[in-house]
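Quick note on numbering: the sequence shown equals residues 1 to 243 in our numbering.
For every residue, glycine included, the Cβ atom is placed at its ideal position computed from N, Cα and C.
Contents: one structure, followed by commentary.
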Amino acid sequence: MATIRFLGTSGSVVTKERMCAGVLFGDKLIDVGFGVLANLMKSETSLDSINDVYVSHTHSDHVGDFTGLVWAMAMENRTRLLRVVSSVRTASTLRKVLKLQSTPRAWLKFDILFVRPRNAGVEYVRTVHSPETLAYRFKMDGCDFVYGADTSRSEKMAEFAKGCDLLIHDSTFLDGQESIAALTNHSTARDAGRTAKLARSKRLFLTHIAPTNRQVLDRYAVEAAASFDGEIVVARDMLTTSV
Ligand SMILES: [Zn+2]
Ligand SMILES: [Zn+2]
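Dropping the structure here:
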């Protein structure tokens with residue numbers, strides 16, 4: 001049994017209620033979008049307890065607080081290695097971002113090691129999103145959950161998530177917004193429900209909620225439930241669940 005905490009559940013931009021993408025899972029932080037660092041602080045998580053940062057892709061709503069996280073760890077006098085798990089392309093961008101934001105590497109007392117998912121022992125698949133985006137499947141400590149990252153509806157994702165206990169899926173949009181979902185390579189809540197059904201996931205958590213839909217939040221679970229009859233939760237910041 002492990003705990004998952006949502007540190008950011010908004011799509012694209014920060015709102016009053018929601019920060020951008022971020023999930024805390026044991027000693028792993030998955031995505032570091034704008035505002036995730038603030039919610040980490042609010043949750044009183046010791047930054048030193050984070051060993052790995054998994055990054056899905058380089059859109060700013062997933063990496064906006066990456067440099068800030070490195071600085072915050074330095075300010076807490078971290079000395080232990082920080083492992084960053086991502087694709088080669090994402091790692092290359094993150095290295096450049098650290099440099100362009102004048103991160104004083106000589107001042108850091110810890111190393112940052114960029115590794116590929118296969119070397120971190122985690123399953124991954126490329127999603128339908130641009131730039132290159134990876135979804136991750138964590139099977140450890142008796143839990144099995146999939147972080148779907150940003151994606152259009154994809155049968156490959158359903159195959160990847162087959163039989164998982166918990167699926168966290170892009171649900172940026174709602175019925176009637178299919179064209180903008182296709183244009184931006186995101187999913188609707190109904191898409192997320194279909195994928196969860198195909199995958200036979202036990203639970204579905206909807207996230208990456210479009211700020212423009214915040215007045216109609218009650219539609220998310222209803223539209224996902226049109227296909228999926230398992231447990232559906234519309235994620236919100238600081239929500240914690242066991243898996
Ligand atoms: Zn995003
Ligand atoms: Zn994205």
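What is the DSSP secondary structure of residue i, reduced to helix, strand or coil?
| i | result |
| --- | --- |
| LYS99 | helix |
| THR151 | coil |
| GLU231 | strand |
| PHE160 | helix |
| THR9 | coil |
| ILE112 | strand |
| LEU82 | strand |
| ARG118 | helix |
| VAL53 | strand |
| LYS16 | coil |
| LEU198 | helix |
| ASP141 | coil |
| SER242 | strand |
| LEU29 | strand |
| THR93 | helix |
Please go through the same chain and pick out, in chain order, the residues whose beta-carbon is closer than 7 angstroms to the beta-carbon of residue i, but skip the five residues on each side of it.
| i | result |
| --- | --- |
| PHE66 | VAL32, LEU94 and VAL97 |
| ALA21 | GLY8, ASP31, GLY33, ASP61, HIS62 and HIS208 |
| SER177 | For clarity, residue 177 is Gln in the given sequence; the question names Ser instead. Cβ within range, chain order: THR188. |
| LYS162 | ALA199 and ARG200 |
| ALA158 | THR195, LEU198 and ALA199 |
| VAL14 | CYS20, PHE34 and GLY35 |
Does ligand 2 have even one heavy atom less than 7 angstroms from the beta-carbon of residue i?
| i | result |
| --- | --- |
| ASP150 | yes |
| HIS169 | no |
Any heavy atom of ligand 1 inside 7 angstroms of the beta-carbon of residue i?
| i | result |
| --- | --- |
| ALA21 | yes |
| GLY11 | yes |
| ASP229 | no |
| ASP61 | yes |
Taking 8 angstroms as the limit between beta carbons, can you name the residues of its chain near residue i, skipping five residues before and five after?
| i | result |
| --- | --- |
| ALA226 | ARG190 and GLY193 |
| TRP71 | THR103 |
| LYS28 | ILE50, ASN51, ASP52, VAL53, TYR54 and PHE138 |
Got a sec? Which residues, its chain only, sit under 6 angstroms from residue i by beta carbon, not counting five neighbours each side?
| i | result |
| --- | --- |
| PHE25 | ILE4 |
| TYR124 | PRO117, LEU134 and TYR136 |
Taking the DSSP output, what are the residues bridged to residue i?
| i | result |
| --- | --- |
| ALA135 | VAL125 |
| ASP61 | The partner list for ASP61 (beta bridge, DSSP) is empty, contrary to what the question assumes. |
| GLY22 | GLY8 |
| PHE205 | ILE168 and VAL233 |
| VAL146 | ARG137 and LEU167 |
| GLY66 | For clarity, residue 66 is Phe in the given sequence; the question names Gly instead. None, per the DSSP bridge assignment. |
| PHE34 | According to DSSP, which records beta bridges pairwise, PHE34 is partnered with nothing at all. |
| THR188 | PHE173 |
| THR3 | SER242 |
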